[in-house]
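Asker:
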Amino acid sequence: MITVACLIAAKDLRVERRSKIVTNQVLPFAGITMVSFAFALDKQNVLDTVAPGLVWLATMFSLLVIVQRTFAIETDDGALDAMRVAGVDPRAIFVGKAMALGFQLLVLEAMLFGAAVIFYGESIPSNNAFGSVVLLVTTMLSATCGLAAVGTLYGGLAAGFKGSETLLPLLTLPAVAPVLIGATKAVESAVGTSGAVVSEGWQWVGLLTLFAVAAVVGGALAFGPLIDD
Amino acid sequence: MTTIEPAKAEQDTAQQSALPSQRSTATRGTRTIGIVAVVALGWLVAFGLGFSPADRDQDESVRILYVHVPTIWLAYLAFVVTAVSSAMYLFSKKKSLGWDRAAGASAEIGVTFVAVTLAVGAMWGRLTWGVFWQWDARLTTTALLFVTYIGYLAVRRLGGSHEQRAKRSAVLGMIAVVEIPLVHFSVKMWRSLHQEATVANLDGDTKMDGLMLFSLFVGVIAFTLLYVWLMLHRTRSMAMEDLLEERGLDEALAVRRAEAAETATAATSAPPTATMKTGSDS
Amino acid sequence: MDDAGFILGSYFLTFATVALYAWRAVRSGRKVSQQVPDDEKYWL
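Protein chains in written order, with the working numbering: chain A, 80 to 308; chain W, 1028 to 1309; chain P, 20 to 63.
1) Quick one: does residue 43 (chain P) have its CB under 7 Å from some CB of chain W?
2) Measure from the C-beta of residue 260 (chain A) to each C-beta in chain W and report whether the shortest distance is under 7 Å.
3) For my contact list, residue 1195 (chain W) and residue 236 (chain A) are in at a C-beta cut-off of 8 Å; report their separation, rounded to the angstrom.
4) Quick one: what does DSSP say residue 58 (chain P) is sitting in, helix, strand or coil?
5) Note down the Cα distance separating residue 189 (chain A) from residue 94 (chain A), rounded to an integer number of angstroms.
6) Assuming residue 1052 (chain W) contacts residue 1263 (chain W) (C-beta within less than 8 Å), just tell me the rounded distance between them.
7) Spell out a yes or no on whether the stretch 168 to 187 of chain A and the stretch 203 to 223 of chain A are touching, meaning 3 or more CB-CB pairs, one atom from each, closer than 8 Å.
8) Name the chain W residues that come within less than 9 Å of residue 180 (chain A), Cβ to Cβ?
9) In the DSSP assignment, the alpha helix (DSSP H) including residue 265 (chain A) goes from what residue to what residue?
10) Run through DSSP, which three-state label would residue 1236 (chain W) get?
11) Is DSSP giving residue 127 (chain A) helix, strand or coil here?
12) For residue 1306 (chain W), collect the residues of the same chain with a Cβ closer than 7 Å to its Cβ; drop the 5 residues on either side in sequence, then sort them by chain order.
13) Using the beta-carbon count (16 or more within 10 Å), is residue 1048 (chain W) buried or exposed?
14) Roughly how many angstroms separate the alpha carbons of residue 1111 (chain W) and residue 1210 (chain W), rounded to a whole number?
15) Between the stretch 259 to 266 of chain A and the stretch 275 to 285 of chain A, are three or more C-beta pairs nearer than 8 Å?
16) Could you work out which residues of chain P lie near residue 1087 (chain W), taking near to mean beta carbons separated by less than 8 Å?
17) Drop a sphere of 10 angstroms on the beta-carbon of residue 122 (chain A), count the other beta-carbons inside from all chains shown, and report buried for 16 or more, exposed for fewer.
18) Which residues of chain W have a Cβ atom closer than 7 Å to the Cβ of residue 173 (chain A), listed in chain order?
19) Would you be able to state if there are at least three C-beta pairs under 8 Å between the stretch 1064 to 1071 of chain W and the stretch 1114 to 1128 of chain W?
20) Is it the case that the stretch 1134 to 1145 of chain W contacts the stretch 1074 to 1081 of chain W, given that we only count it when at least three CB pairs across the two stretches are under 8 Å?
21) May I have the straight-line CA-CA distance separating residue 1103 (chain W) from residue 1132 (chain W), to the nearest angstrom?
22) Can you confirm whether residue 31 (chain P), when its beta carbon is compared against all beta carbons of chain W, has any partner nearer than 7 Å?
23) Please check if any C-beta of chain A sits within less than 7 Å of the C-beta of residue 1165 (chain W).
24) In three-state terms, what does DSSP make of residue 1229 (chain W)?
25) Could you round the C-beta distance between residue 1148 (chain W) and residue 1176 (chain W) to whole angstroms and report it? I think they count as a contact, below 8 Å.
26) Can you find the residues in the same chain that come closer than 7 Å, C-beta to C-beta, to residue 279 (chain A), ignoring five residues on each side of it along the sequence?
27) Going straight from the alpha carbon of residue 213 (chain A) to that of residue 106 (chain A), what length do you get?
28) Checking the sheet assignment: what are the DSSP bridge partners for residue 1086 (chain W)?
29) Give me the Cα-Cα distance between residue 37 (chain A) and residue 179 (chain A), rounded to the nearest whole angstrom.
30) Output the boundary residues of the alpha helix (DSSP H) element that contains residue 160 (chain A).
31) Using beta carbons (cut-off 7 Å, strictly below), is residue 291 (chain A) in contact with chain W?
32) For chain A, is any of its Cβ atoms less than 7 Å away from the one on residue 1096 (chain W)?
33) Between the stretch 239 to 256 of chain A and the stretch 1163 to 1179 of chain W, can you find at least three pairs of beta-carbon atoms closer than 8 Å?
34) I need the DSSP call for residue 1054 (chain W), collapsed to helix, strand or coil.
35) How big is the Cα-Cα spacing for residue 29 (chain P) and residue 1156 (chain W)?
36) Taking Cβ-Cβ distances below 7 Å as the criterion, which residues of the stretch 271 to 287 of chain A are in contact with chain W?
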């Protein structure tokens, strides 16, 4: 199952490497979202305080776009049906697509953090910098797992049907609310917003991990019936 | 002459018996439940607005709770029924669409009740806290619950066959049951670690005396009866809608096949060997 | 709005919403019921 999943992940990433849609369209979209936030929240001290949240908000919006894309490539030529008819295990499809989605999300998040450092003046506090970085990376990884799993699940649920483009945001955003809450709080602890310290962040990572595990397991189980029509 | 008339008379009666004499989804059962529900609601109003006393702390605004609390409890019941029906559909061997329709009807009713809960709760909040909304754990989770099931109802309208609809919504119905506690847990963490200055005790569960508890009890009974009544009507309605959709599809298929058969006989002199598969029963 | 306004308003809102939903449910039930023959109605 894992080998097939990796093959599928590799296929998705190869499609992306050749079409460069995420790199050329979604990353700039995320960037312009960051800029728009700055327009809307004009004061620098406000931006400082909410920067972690804004990064994750921009991630959520970009997630919606990437999920649309990742399933558009499947439904456009009936590729998903072809995979099923070929006897591919739906769990492998789920894990594979989630891995590809997760990888793209990680690249996106790294870019967004960079943008936050430049545009919002975010920085890692000098005391316990190592702890901050570890917290930051762990947060990114656990949050991304949850986001990728939920995105893949709901993307598969709505794929190919009329109204699915508008349905996806409606389904996904309430479902990933725990990630938004947890990831924001964890990053706030990592960068020391409003006096938060690194030790406070780890309980949020716990929440993110719990969510990620639930999402991956639930998604793998649920994905089969969903695409088995 | 005599052979034609009876045939025509037979055709007439056949047409007449095809026209339904029962022109609604009501039965004696639903009428009984409906009447009892209305009486109970009347009782609720009488107790809620009249007989029950004003609260020591909350004054008259506690009266709102007699409708507010039952609506949210019924919403929870409705969503639990949705989840159970979804599970029954997914895991039973027969996969009867009746479960799917029950899940859908229950979710519809649940969404209506949550909407009312949020609106009425805002009014209660205005009186008790001075604000329409607070970002505390319970309110936030309820708002997310509302949006989640709006999404569930939207998924039911995505299209495709009835079995596809049933499978998709059943999966979503069960995911929601896991999702909601996760969301609630996250929001509780969110709110408990940063104690904002609260305007008043956010619990909302006042110490109720006997008469107040009784009024609440009446409210729950009344709304439960209402829920049952609504479920009966909606599920019957949905069953007929599904039937008509399938009929429409079958008819369209039959017409299409007839057309195809005609063109085939027109093209070749030999009769077509088209095998008619019966309908789309999957 | 004073207290009584909110209290009466909330009762009205609750009952009006439920009544509206109930009316729509019964109405759509009637509409469909007229097209489906009696022997297909499983509750009769």
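A virtual CB, placed ideally from N, CA and C, is assigned to each residue, including glycine.
Answerer: Once the coordinates are examined:
1) Residue 43 (chain P) sits at position 24 when you count from the first residue of the third sequence. Output row for residue 43 (chain P): interface = no.
2) Residue mapping note: residue 260 (chain A) aligns to position 181 of the first sequence, counting from 1. True, the Cβ-Cβ gap to chain W drops below 7 Å.
3) One-based indexing of the second sequence puts residue 1195 (chain W) at position 168. One-based indexing of the first sequence puts residue 236 (chain A) at position 157. That belief holds up - the Cβ atoms of residue 1195 (chain W) and residue 236 (chain A) are roughly 6 Å apart, short of 8 Å.
4) In the third sequence, residue 58 (chain P) corresponds to position 39, counting from 1. Note: residue 58 (chain P) maps to helix in three-state DSSP.
5) As a position in the first sequence, residue 189 (chain A) is number 110, starting the count at 1. As a position in the first sequence, residue 94 (chain A) is number 15, starting the count at 1. About 21 Å.
6) Locating residue 1052 (chain W) in the second sequence gives position 25, where the first residue counts as 1. Locating residue 1263 (chain W) in the second sequence gives position 236, where the first residue counts as 1. Contact holds; Cβ gap of about 4 Å.
7) yes
8) Walking along the first sequence from the start, residue 180 (chain A) turns up at place 101. Ordered by position in chain W, no residue passes the 9 Å Cβ test against residue 180 (chain A), which lies about 18 Å from the chain.
9) Locating residue 265 (chain A) in the first sequence gives position 186, where the first residue counts as 1. Note, residue 265 (chain A): alpha helix (DSSP H), 256 to 270.
10) Residue numbering aside, residue 1236 (chain W) sits at position 209 when the second sequence is read from its first letter. In this structure, residue 1236 (chain W) counts as coil in the three-state DSSP scheme.
11) Taking the first sequence and counting its residues from 1, one reaches residue 127 (chain A) at position 48. It is helical.
12) To locate residue 1306 (chain W), count along the second sequence from 1; it is residue 279. Confidence at residue 1306 (chain W) is low in this model, with a pLDDT of 46, below 50, so the placement of that residue is unreliable and no value is reported for it.
13) One-based indexing of the second sequence puts residue 1048 (chain W) at position 21. Answer is exposed; the Cβ neighbour count stays below 16.
14) Looking up residue 1111 (chain W) in the second sequence gives position 84. Looking up residue 1210 (chain W) in the second sequence gives position 183. Distance between the alpha carbons of residue 1111 (chain W) and residue 1210 (chain W): 20 Å.
15) yes
16) Mapped onto the second sequence, residue 1087 (chain W) falls at position 60. Under the 8 Å cutoff, chain P gives 22, 23, 26.
17) Start at 1 with the first residue of the first sequence, and residue 122 (chain A) comes out as number 43. By the 10 Å Cβ count, residue 122 (chain A) comes out exposed.
18) On the first sequence, residue 173 (chain A) is found 94 positions in, with the first residue counted as 1. In chain order: nothing, as chain W lies at least about 12 Å away.
19) no
20) no
21) Counted from its first residue, the second sequence places residue 1103 (chain W) at position 76. Counted from its first residue, the second sequence places residue 1132 (chain W) at position 105. Each residue's alpha carbon lies about 14 Å from the other.
22) Counting from 1 along the third sequence, the entry for residue 31 (chain P) is found at position 12. So, not an interface residue.
23) Taking the second sequence and counting its residues from 1, the one referred to as residue 1165 (chain W) is at position 138. Chain A, which has no Cβ nearer than 7 Å to the Cβ of residue 1165 (chain W), makes this no.
24) What you label residue 1229 (chain W) is simply residue 202 of the second sequence in a count that begins at 1. With a pLDDT of 46 at residue 1229 (chain W), under the threshold of 50, the modelled position of that residue is not reliable, and the figure given next carries that caveat. In the structure shown, residue 1229 (chain W) sits in coil (DSSP, three-state: anything other than H, G, I, E or B).
25) Here residue 1148 (chain W) corresponds to residue number 121 of the second sequence, with the count starting at 1. Here residue 1176 (chain W) corresponds to residue number 149 of the second sequence, with the count starting at 1. Not quite, the Cβ-Cβ distance comes to about 17 Å (not below 8 Å), so this is no contact.
26) Against the first sequence, residue 279 (chain A) aligns to sequence position 200. Cβ neighbours of residue 279 (chain A) beyond the five flanking positions: 268.
27) Translated into positions along the first sequence, residue 213 (chain A) becomes position 134. Translated into positions along the first sequence, residue 106 (chain A) becomes position 27. So the two alpha carbons sit approximately 25 Å from each other.
28) Locating residue 1086 (chain W) in the second sequence gives position 59, counting from the first residue. Bridge partners of residue 1086 (chain W): W:1082.
29) In this structure chain A extends from 80 to 308, so residue 37 (chain A) is not present and cannot be described.
30) On the first sequence, residue 160 (chain A) is found 81 positions in, with the first residue counted as 1. Segment 158 to 164, the alpha helix (DSSP H) holding residue 160 (chain A).
31) The sequence position of residue 291 (chain A) within the first sequence is 212, counting from 1. Answer no: the Cβ-Cβ gap between residue 291 (chain A) and chain W never drops below 7 Å.
32) Here residue 1096 (chain W) corresponds to residue number 69 of the second sequence, with the count starting at 1. No - not a single Cβ of chain A is within 7 Å of the one on residue 1096 (chain W).
33) yes
34) Stepping through the second sequence from its first residue, residue 1054 (chain W) is reached at position 27. Correct three-state label for residue 1054 (chain W): coil.
35) Mapped onto the third sequence, residue 29 (chain P) falls at position 10. Mapped onto the second sequence, residue 1156 (chain W) falls at position 129. C-alpha separation (whole angstroms): 16 Å.
36) 286
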